[in-house]
Every structure is written in C-alpha cells, then in structure tokens.
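Novice:
Residue numbers (my numbering), protein chains in the order written: chain V, 58 to 226; chain Y, 5 to 191.
Put into structure tokens, the structure is as follows:
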C-alpha cells in the first residue's frame with residue numbers, strides 16, 4: 058500500500074513538474090476591432106517609427122522600463138521570438154517608458170535586443186493606450202486593430218503564442 | 005428592496021517564506037483564481053531605485069521608510085472558469101497598532117509633491133512603478149508593482165485584501181506582515 062501511495066505521489070509530482078515546464082502561454086483576445094492609437098517615436102538609433110507605417114503586418118508592441126523586473130525577465134524570450142518572426146514579416150517594437158538613450162544603452166549590455174527600442178520619454182504615448190501596469194504587450198493585427206493583450210511577462214518564443222500572431226497574417 | 009452583495013470571506017492559503025540568500029520575507033496568498041504575493045523590500049533597495057531618478061532627498065527617505073513591498077497579483081485561472089479577477093486597492097484595509105486604515109496609494113504620493121520635490125520624470129516612476137490602484141486580470145494575466153503601507157520599518161500589520169472574481173466580491177486576510185527593517189536594525 059505504501060509503495061502504491063509513493064508511486065501515486067511520484068506520478069502527481071511528475072505531472073506537476075511537466076505542466077510547469079510546458080506551461081501554456083496565453084494572451085487575451087480583444088474583441089470589437091478597436092484601433093490601436095498611432096504614435097511616432099524615435100528608436101535608440103534616432104530613427105522615427107510610426108505605428109501606421111507598419112499597416113499590413115502584425116506588430117507586437119511591448120511597454121516596458123529597465124527598472125521593472127518582469128520586463129527584464131521577458132526581454133530575452135522576446136529577442137528570440139523576434140529572430141523567428143523577423144523573416145516572416147511580423148514586426149516587434151519595445152516602447153520604453155520614461156527613460157533616456159544612455160540608460161537604455163547601459164541596460165542593453167546586460168539585456169541585448171536586436172529589435173527596435175522606441176523611447177517614450179515623456180510618457181505621453183503610453184497614456185494613449187489602455188495600459189495599467191508594466192510590462193503590457195499588445196499584438197496589433199495587419200488592419201491596425203488590437204488583436205491581443207498580455208499583462209505581465211510571457212515566454213514570447215512559445216510556439217502557441219507565436220502561432221496566434223502568425224495566424225493574423 | 006436593495007440587497008447589497010455579501011463578500012465571500014475566503015479561508016485562503018497563505019504561505020510564508022524567507023529567502024535564504026537575502027533574508028527577505030514573502031507572503032503568498034492563494035484563493036480561488038487570485039494569487040497575491042508580497043515580498044519585503046529593504047529601505048536601502050528603495051533608496052537605490054529612487055536615487056537614480058529626480059527625487060529630492062526628503063522624498064526618497066519618505067518613500068524608503070514607508071514599508072514598501074514588491075507586490076505581484078495574478079489571475080491563475082486555476083478554476084478553469086475563465087473569469088476575470090479585478091482589484092481596487094482603495095478597498096484594502098490594514099490593521100496596525102489597533103487602528104484600521106487604507107494603504108498608501110500612488111495617487112496620494114503624487115498629489116503630495118511639488119515639481120521641486122519630484123520632477124515630472126520622477127513622477128512617471130511612481131505612476132508606473134507603484135501598483136495600479138484598479139486593475140482587471142484575465143486568466144494568466146499578472147502584474148508586478150511596488151506597494152507602500154505608510155508605516156515605519158519593522159512594523160507588523162494585518163492586511164485585509166478584497167477583490168472581485170467573476171463579478172462577485174471576495175475578501176481574505178494576510179496576518180502578521182512584517183515591514184523590512186532599515187539598515188541600522190540589521191546589525
């Protein structure tokens with residue numbers, strides 16, 4: 058009986074551990090075809106990005122700061138995701154809130170990213186979006202409407218998440 | 005006749021733990037679909053954060069000594085119902101030294117400073133660094149932020165938390181939360 062209970066315990070433990078290792082990554086679908094607020098922001102290299110210029114392709118937009126722990130946590134997986142999506146015509150923009158180029162430059166030594174980092178130094182752009190806390194990520198459909206929202210960090214190179222973005226094309 | 009909704013008082017599971025590396029304490033409240041984590045934050049950790057932004061020295065000290073925790077609220081979606089969890093921090097109550105009060109919210113901090121005490125850029129750190137006062141979480145959503153309780157380092161208090169789950173009011177209690185001590189108490 059004791060052996061049986063031990064095995065049952067191990068099976069439950071294995072199921073929990075397996076579930077934790079392959080935890081499904083979800084986003085919230087946003088109904089109602091709400092247009093994403095447009096913006097024009099410079100990236101850390103001085104190039105101006107307008108959201109409307111990306112019309113026709115899905116865009117992942119991540120709001121973050123360097124001092125937000127979960128923002129830092131998800132950046133490596135975002136970078137991995139971008140390397141997968143870049144060739145597929147899917148854009149990714151990280152909107153840093155309230156910090157300057159020097160701060161982001163120093164930070165990027167520890168958290169290198171290859172996708173554009175846009176600077177919303179005054180915080181005016183983030184106020185136009187329905188963001189309550191950081192990080193928050195939106196997926197914009199090719200027609201410029203908000204398709205998905207994720208509050209908190211995610212493992213962005215998760216196949217289920219990326220397939221949901223790919224399906225918008 | 006109007007019938008006020010009665011809050012379901014949860015017999016929640018509260019896990020208390022101590023980080024072996026840094027000695028900081030954590031309280032993890034789990035009930036239904038909501039999870040609330042409060043992690044002690046040393047006043048020096050807060051000083052280090054705010055000194056990098058344009059706050060005056062007195063404001064940095066006020067913030068650092070305000071019993072700040074790192075707070076995480078999550079809709080775990082464990083029930084499988086897919087229902088939203090929403091919070092309103094104005095409804096949370098703390099008991100300290102026999103008195104009941106609300107917690108100190110970002111709106112109160114922001115209203116108390118002149119531009120000389122906290123620049124517009126510094127205020128953005130509070131606007132986005134302190135926990136949102138109201139927020140709705142769908143399954144798998146979670147948020148991180150700082151929470152201040154407005155009592156001295158080392159204080160002990162109870163926190164009555166409340167939330168709505170699928171539109172129904174719920175509440176629970178986290179007892180004996182300890183504010184992190186200041187450096188002089190660590191020796």
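Where is the CB? At the ideal position from N, CA and C, for every residue including glycine.
For residue 187 of chain Y, name the three-state secondary structure that DSSP assigns.
Specialist: Correct three-state label for residue 187 of chain Y: helix.
Novice: In this structure, how does DSSP classify residue 133 of chain Y when only helix, strand and coil are distinguished?
Specialist: Three-state DSSP puts residue 133 of chain Y in a helix.
Novice: Between which two residues does the beta strand (DSSP E) containing residue 106 of chain V stretch?
Specialist: It spans 105-107 - the beta strand (DSSP E) in which residue 106 of chain V sits, taken as one unbroken run.
Novice: For residue 71 of chain Y, which of Y:181, Y:156, Y:167 has the nearest alpha-carbon?
Specialist: Of the candidates Y:181, Y:156, Y:167, the one whose C-alpha sits nearest the C-alpha of residue 71 of chain Y is Y:156.
Novice: According to DSSP, which residues form a beta bridge with residue 100 of chain V?
Specialist: Partner(s): V:175.
Novice: Have a look at residue 83 of chain V and residue 207 of chain V and give me their C-alpha separation to the nearest angstrom.
Specialist: Computed Cα separation, rounded: 8 Å.
Novice: With residue 162 of chain V as the anchor, note down where its alpha helix (DSSP H) starts and where it stops.
Specialist: Segment 158-167, the alpha helix (DSSP H) holding residue 162 of chain V.
Novice: Kindly list, in the order they appear in chain V, the residues whose Cβ is closer than 9 Å to that of residue 180 of chain Y.
Specialist: Those do not exist, as residue 180 of chain Y stays about 25 Å from chain V at its closest Cβ, beyond 9 Å.
Novice: Identify the contact partners of residue 161 of chain V in chain Y, using a Cβ-Cβ distance below 8 Å as the criterion.
Specialist: Those within 8 Å of residue 161 of chain V in chain Y number zero; the least Cβ separation is about 13 Å.
Novice: Use the C-beta contact count for residue 210 of chain V: other C-beta atoms within 10 angstroms, 16 or more gives buried, fewer gives exposed.
Specialist: Under this definition residue 210 of chain V is a buried residue.
Novice: Taking only the alpha-carbon atoms, compute the straight-line gap between residue 119 of chain V and residue 194 of chain V and give it to the nearest angstrom.
Specialist: Roughly 4 Å between the two C-alpha positions.
Novice: Measure the CB-CB distance between residue 191 of chain V and residue 132 of chain Y and report whether it falls below 7 Å.
Specialist: Yes, these two residues count as a Cβ contact at 7 Å.
Novice: Could you work out which residue in Y:30, Y:77, Y:114 is closest to residue 128 of chain Y when comparing CA atoms only?
Specialist: Nearest C-alpha to residue 128 of chain Y: Y:114.
Novice: Is the number of C-beta pairs between the stretch 126-146 of chain V and the stretch 93-111 of chain V that are closer than 8 Å three or more?
Specialist: Not touching, per the Cβ criterion.
Novice: Measure the C-alpha to C-alpha separation of residue 226 of chain V and residue 183 of chain V and round it to an integer number of angstroms.
Specialist: In a straight line, the C-alpha of residue 226 of chain V is about 26 Å away from that of residue 183 of chain V.
Novice: Please list, in chain order, all residues of the same chain as residue 68 of chain Y whose beta carbon is under 6 Å from its beta carbon, the five residues on each side excluded.
Specialist: Closer than 6 Å at the Cβ level, and outside the excluded window around residue 68 of chain Y, lie 47, 50, 51.
Novice: Would you mind stating whether residue 81 of chain Y and residue 143 of chain Y have Cβ atoms separated by less than 7 Å?
Specialist: Cβ atoms of residue 81 of chain Y and residue 143 of chain Y: closer than 7 Å.
Novice: Find the residues of chain V that neighbour residue 92 of chain Y, judging by a C-beta separation of less than 8 Å, and give them in chain order.
Specialist: By Cβ distance, chain V contributes nothing, its closest Cβ being about 12 Å from residue 92 of chain Y, past 8 Å.
Novice: So who's on the other strand from residue 173 of chain Y, going by DSSP bridges?
Specialist: Answer by DSSP bridge pairing, in chain order: Y:168.
Novice: Check whether the Cβ of residue 216 of chain V lies closer than 7 Å to any Cβ atom in chain Y.
Specialist: Not one chain Y Cβ lies under 7 Å of residue 216 of chain V.
Novice: If the cut-off is 9 Å on Cβ atoms, which residues from the stretch 191-215 of chain V count as contacting chain Y, listed in chain order?
Specialist: Those residues of the stretch 191-215 of chain V that come within reach of chain Y (Cβ to Cβ, closer than 9 Å) are 191, 192, 193, 206, 207, 208, 209, 210, 211.
Novice: Interface residues of chain V around residue 149 of chain Y at Cβ under 7 Å?
Specialist: Result: 190.
Novice: For residue 159 of chain V, count the other beta carbons within 10 Å of its own beta carbon; 16 or more makes it buried, fewer makes it exposed. Which is it?
Specialist: The residue in question, residue 159 of chain V, is exposed, as its Cβ has fewer than 16 Cβ neighbours within 10 Å.
Novice: Pick helix, strand or coil for residue 153 of chain Y, following the three-state DSSP scheme.
Specialist: It is coil, neither helix nor strand.
Novice: Just curious, the beta strand (DSSP E) that residue 70 of chain Y is in, first and last residue?
Specialist: Unbroken run through residue 70 of chain Y: none, as it is neither H nor E.
Novice: Among V:134, V:86, V:142, whose alpha-carbon lies nearest the alpha-carbon of residue 213 of chain V?
Specialist: Considering only alpha carbons, the answer is V:134.
Novice: What residues from chain Y crowd round residue 180 of chain V, counting only those whose CB sits closer than 8 Å?
Specialist: In chain order: 128, 131, 132.
Novice: Any beta-carbon of chain V closer than 7 Å to the one on residue 144 of chain Y?
Specialist: Chain V contact via Cβ: present.
Novice: When you compare the stretch 165-172 of chain Y with the stretch 77-95 of chain Y, are there three or more beta-carbon pairs, one atom per stretch, that lie closer than 8 Å?
Specialist: Yes, since at least three Cβ pairs between the stretch 165-172 of chain Y and the stretch 77-95 of chain Y fall closer than 8 Å, the two stretches touch.
Novice: So, is the C-beta of residue 127 of chain V closer than 7 Å to a C-beta in chain Y?
Specialist: Yes, because at least one Cβ of chain Y sits closer than 7 Å to the Cβ of residue 127 of chain V.
Novice: Would you verify that the beta carbon of residue 78 of chain V is, or is not, closer than 7 Å to some beta carbon of chain Y?
Specialist: With a pLDDT of 38 at residue 78 of chain V, under the threshold of 50, the predicted position of this residue should be treated as unreliable, though the coordinate-derived value follows. No, no contact with chain Y.
Novice: When the cut-off is 7 Å and only beta carbons count, does residue 139 of chain Y lie next to chain V?
Specialist: Taking Cβ atoms only, chain V reaches closer than 7 Å to residue 139 of chain Y, which makes this a yes.
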